[in-house]
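Worksheet: the structure to be examined is printed underneath.
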Amino acid sequence: MVSRQAAASLSSAATTHTHHLNEDGSSGSNLTPLGWAGRVNAADLKRAQQLQDGGTGVGDRIPGFRTSAAFFSSLRSNLALSSSPLPPSPMSTPPSMWGSASSLPPPSPLAHATFPPANEPPDNDPLASIPELTTYAATSEEDRLAALKLIADAVAQQRQVAGRILVFNPINLAIYGAVLAAVAQFLYKDSGDTAKIITTYAGITMAALVIVRWATSGYILMAEEVGWDWLGKDDTALVTKFGDDIIGVCVLGWVKSGSINGGRKRGKVKGEIKAWTVGLKYRGKGVGTALLEEAVALVQSRGGDSVEFAEDHAYSKRVLNKFYNGKFDRREQRAQKALREVLDASSGRGKKR
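Residues in the sequence shown are numbered consecutively from 707, following the working numbering.
Below is the structure:
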């Protein structure tokens, strides 16, 4: 009885194993239960059971490998990027970094910037926009007319200087104050006369300004005399041009040495400066001195022996009383000193200080 049950069990195991082998393509034979029973042992039964469960894997041979494989499979599924803006594993990712994969910051503007080499010169010269400064002898009618206009403006500007001299002269201010005090003493009776006194003060002030304007009007007449008749045909007008504007002028008249007012007596040529001026906003920058240097060099190139200011130059006339002309006289002295310094430097006698 026992042998029959054992034979039936072996026959069933052999039949199952044969069926799986045929499905896997490992064997093409179909053994009978009795023929297979003779060959089956315990190892074969265990192998058949393993094939039925999915075959023998590496995990059966290496201890702990199946657990490691399961860990890496889980890690791979957690690291897979999802289409959602949130990371797939919020438990392992800080909340501050959620969405960082889909919302990266914009690139820096310097990422695509290009910089020239350090030793490469700049494309634009910073001094290219500054006009050129040139000094030359004016020959065209346009340049000579611009030179005459600049001289006439300089003559007319003396009126403003003379007006300030009259207004701020201490004696004139004392007289003006005395007149106002006398008017107040005469008109003031009570507080109701204040408006009358103020009106009288305004009238006196206007009358004083009219007197100053009338006293200095002679400079306007002198400026009107500067024209083509004043500029002789043989006179040389040295001009300094800054861009398209003439900013300085020096007019040279030519007189033979030893002659009076251009007499025919032969002798060396002498240069006389009939006018020397620079525009108001260009004064004090060396333009006038450069003009004097050009004038001296021109006289020396023509064989001249001296350069000096003409006695009747454009600024020689005085309109005010001698008492008020101190400022104009000091200007004259500074001009004479500047010319002497240029002459000393040109002849090699200038001293360095």
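Ideal placement from N, C-alpha and C gives every residue a C-beta, glycine not left out.
Alpha-carbon spacing of Gly969 relative to Val961, whole angstroms: Annotation note: pLDDT 48 at Gly969 (below 50); position unreliable, coordinate value reported separately. About 8 angstroms.
Strand pairing of Ala1085, partner residues [DSSP]: Because the chain in this structure spans residues 707 to 1059, residue 1085 falls outside the shown range and cannot be described.
Residues near Ala807 in its chain [Cβ-Cβ closer than 6 angstroms; skip 5 each side]: At Ala807, the pLDDT of 48 sits below 50, so the modelled position is not reliable; the number obtained from the coordinates is stated separately. Cβ within range, chain order: n/a, list empty.
Where the beta strand (DSSP E) containing Gly1054 begins and where it ends: Looking at the DSSP string, Gly1054 is not in any beta strand (DSSP E), and its letter there is neither H nor E.
Given 8 angstroms, three or more beta-carbon pairs between the segment 856-868 and the segment 1022-1036: yes
Under 8 angstroms between C-beta atoms of Lys976 and Asp941: no
Lys947 (DSSP reduced to helix, strand or coil): strand
Cβ pair Val993, Ser1052 closer than 8 angstroms: no
Pairwise C-alpha distance: Leu879 and Val873: 7 angstroms
For Gly1010 and Lys1043, believed in contact at Cβ under 8 angstroms, the rounded distance: The pair is not a contact, with the Cβ atoms about 21 angstroms apart (cut-off 8 angstroms).
Backbone secondary structure at Val955 - three-state DSSP: strand
CB of Ala996 within 8 angstroms of CB of Ala853, strictly: no
Beta bridge counterpart(s) of Glu838 as assigned by DSSP: Answer by DSSP bridge pairing: none, since Glu838 is not bridged.
Runs of beta strand (DSSP E) lying entirely within the segment 1007-1053, each at least 3 residues, in chain order: 1012-1015
Nearest residue (CA-CA) to Leu1049, options Glu1000, Ala858, Val957: Glu1000
Contact set for Gln1039: own chain, Cβ-Cβ below 7 angstroms, skip 5 residues either direction: none
Proximity below 8 angstroms, CB of Tyr925 to CB of Val984: no
Simplified DSSP state of Gly924, which is helix, strand or coil: helix
Nearest neighbour of Lys939, chosen from Asp951, Ser846, Leu886 [CA to CA]: Ser846
Distance between Leu851 and Lys971 (C-alpha atoms, nearest Å): Because Lys971 carries a pLDDT of 49, less than 50, the predicted location of this residue cannot be relied on, and the following value inherits that uncertainty. Spanning the two alpha carbons is a distance of roughly 32 angstroms.
Close-in-space but distant-in-sequence residues of the same chain around Gly919 (CB under 8 angstroms, 5 per side omitted): Rather than Gly, the amino acid found at residue 919 in this sequence is Arg. These residues qualify, in order along the chain: Gly869.
Reduced DSSP secondary structure (H/G/I, E/B, other) of Gly938: coil
Buried or exposed by the 16-neighbour rule on C-beta atoms within 10 Å, applied to Gln891: exposed
Cutoff 7 angstroms; reference Val1025; Cβ partners in own chain excluding five residues on either side: Ala868, Thr922, Gly924, Tyr925
Nearest-angstrom Cα separation, counted from Ala908 out to Cys956: 44 angstroms
is_contact[Trp936, chain B] using C-beta, thresh 8 angstroms: In the structure shown, chain B does not exist; there is a single protein chain.
Contacting residues, own chain, Cβ-Cβ under 6 angstroms from Gly1092 (five flanking each side not counted): Any answer about residue 1092 is impossible in this case: the structure gives the chain only from 707 up to 1059.
Euclidean distance between Cα positions of Arg989 and Phe1015: 19 angstroms
Exposure of Ala714, with buried meaning 16 or more beta-carbon neighbours within 10 Å: Only weak support exists for where Ala714 lies, its pLDDT of 43 falling under 50; the coordinates are left without a value.
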